[in-house]
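*Asks:* What follows is a structure written as structure tokens; I'll ask about it next.
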Amino acid sequence: MYKLTLSVDEKIASRAKRYAERKGTSVSDIVERFLDVVSRPARTEDFPELHRLRGCLKGTDPEAYRKQLLRKYR
Numbered sequence: 013m014y015k016l017t018l019s020v021d022e023k024i025a026s027r028a029k030r031y032a033e034r035k036g037t038s039v040s041d042i043v044e045r046f047l048d049v050v051s052r053p054a055r056t057e058d059f060p061e062l063h064r065l066r067g068c069l070k071g072t073d074p075e076a077y078r079k080q081l082l083r084k085y086r
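Take any residue in the sequence shown, note its place counting from 1, add 12, and you have its number in the working numbering.
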């Protein structure tokens, strides 16, 4: 097991400790699980919405869409 030292705001650390206690785990376990999830490469099967959208913009003009958004949100 690798030891990692983090600097965290005192209020956040206190909240994290209370949360971990309520969940019956440790802050270290929570951080480890979080780092495991965010460090994995994203896969489209993890996000079915993205899989359904794949290819929906084929044949469109990105520049025309950008101009439309600029007009809309001015």
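No residue lacks a Cβ here, since even glycine has one placed at the ideal position from N, Cα and C.
Please list, in chain order, all residues of the same chain as L16 whose beta carbon is under 7 Å from its beta carbon, the five residues on each side excluded.
*Replies:* Residue mapping note: residue 16 aligns to position 4 of the sequence shown, counting from 1. Closer than 7 Å at Cβ, skipping near neighbours: no residue.
*Asks:* Could you compute how far the alpha carbon of I24 sits from the alpha carbon of A32?
*Replies:* Here residue 24 refers to the residue found at position 12 when the sequence shown is read from its first residue. Here residue 32 refers to the residue found at position 20 when the sequence shown is read from its first residue. I24 and A32: Cα-Cα distance of roughly 12 Å.
*Asks:* Report yes if the CB atom of V20 is closer than 7 Å to the CB atom of K29, and no otherwise.
*Replies:* Residue 20 sits at position 8 when you count from the first residue of the sequence shown. Residue 29 sits at position 17 when you count from the first residue of the sequence shown. Contact: no.
*Asks:* Could you have a look at K70 and say whether DSSP puts it in helix, strand or coil?
*Replies:* The sequence position of residue 70 within the sequence shown is 58, counting from 1. Three-state result, K70: coil.
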